[in-house]
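Peer 1: Residues 56 to 369 (my numbering) make up the sequence shown, in order.
After the structure tokens below, expect a handful of questions from me.
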Amino acid sequence: MNSAPREKVRVQPEQAGNRITHCFDRLRAQGRKALIPFITAGDPSPEVTVPLLRAMVSAGADIIELGVPFSDPMADGPVIQRASERALKHHMSLRHTLDLVREFRINDNVTPIVLMGYLNPIEVMGYDTFAHAAREAGVDGALTVDMPPEEAQDLIHALRAQGIAPIFLLAPTSTPERIVKISALAQGYLYYVSLKGVTGAATLDVEDVGRKLIDIRAITSLPLGVGFGIKDAASAASIAELADAVIVGSALVQKIEALIAQPGQILSEIPALLKEMRAAMDKATSDAQGRALAKDPASVVGGRMPGATGAATP
């Protein structure tokens, strides 16, 4: 990929006035990276979801991606596919997912919530109706996995009209031209898929991720989140040195699956794993800032490391 300098695609301030932008602004000032856990709404039961969301925030989650259960989640591997199946057995739907967000907002009006799912339920509800209902519930962003950017204008218009950030995926195979196109449409952050394949796939090539992020940063000022293949504190720490956000999904969902018969354990073991990741991420970024400061004192400004986006807004 050609990494020659080019004009960056920048988010307009009026388009970015939601909790996601405020979250990245706060973390940047603190010299920290965002921890973004993913769970599926209603997995293993609707009663667990809101308490788990709150427990994850207490454990250090900065933004939460909440999966909308879907019968044909083609971008997801078997771990998250089974999570959708468990939720659907409880008749979880898009409307029920919004009900859970609304319940979460009773006690948390700060933590951004991003809905992650597929287009069909949104089409059935209608773009404008969905966007309005999502805003009313307290949703901050929407990632529609199977919505190609070339066909997303109507949904993007509906989301932006309600102050909801349309979030898009970038893949290792994304060309510079496609990154430019997607960056111009996205708000909030860009989700870089670190592996070729579905969620829950195996090996994370950190060096390859780092090279790709450098190229993407030459194009966009949006924060970059990295997901797929992050399983533990060590992998979270390695990505935290490169990206603005670490996104973890399958490792959490797999643990939920293992504890279906012990829902009380879910509310303790998921936060415990997140706390390990949070601590490892903070140490890794602090150490990296220390190394950069020792090498070049002018390179660390406001806790920002060289290469970090640091510019969700112009």
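All C-beta atoms in this analysis are idealised placements derived from N, C-alpha and C, irrespective of residue type, glycine included.
1) Is Leu82 helix, strand or coil by DSSP?
2) Would you mind sorting Arg141 into buried or exposed? The rule is 16 or more other CB atoms within 10 Å of its CB.
3) I believe Ala186 touches Ala207 by the beta-carbon criterion, under 8 Å. Please report the beta-carbon distance rounded to the nearest angstrom.
4) Per DSSP, Glu178 is paired with what?
5) Between the C-alpha atoms of Gly362 and Ala316, what's the straight-line distance to the nearest angstrom?
6) Can you tell me whether Lys144 is buried or exposed? The criterion is at least 16 other CB atoms within 10 Å of its CB, across all chains shown.
7) Quick test of the definition: if touching needs 3 or more C-beta pairs under 8 Å, does the region 152-164 touch the region 131-139?
8) At the level of alpha carbons, what is the spacing between Phe223 and Gly282?
9) Please check the pair Asp337 and Arg87, which I expect to be a contact at CB under 8 Å, by giving their CB distance rounded to whole angstroms.
10) Give me, in chain order, the residues of the same chain whose beta-carbon lies closer than 6 Å to that of Ala138; leave out the 5 immediate sequence neighbours on both sides.
11) Could you pull the DSSP bridge partners for Val303 from this structure?
12) Excluding five sequence neighbours on each side, which residues of the same chain lie with their C-beta closer than 7 Å to the C-beta of Leu108?
13) Within the chosen definition, does the region 161-171 reach the region 188-205 through at least 3 CB pairs nearer than 8 Å?
14) For the alpha helix (DSSP H) containing Gly265, list its first residue and its last residue.
Peer 2: Put simply:
1) helix
2) buried
3) Contact doesn't hold; Cβ gap of about 13 Å is too wide.
4) BP columns for Glu178 are empty, so no partner.
5) Any answer about Gly362 is weak, because its pLDDT of 48 lies below 50 and its placement is not dependable; what the coordinates show is given next. Going by the C-alpha atoms only, they are around 44 Å apart.
6) exposed
7) no
8) 12 Å
9) 6 Å
10) Thr95, Asp98, Val308
11) Pro92
12) Ile119, Phe159
13) yes
14) 261-272
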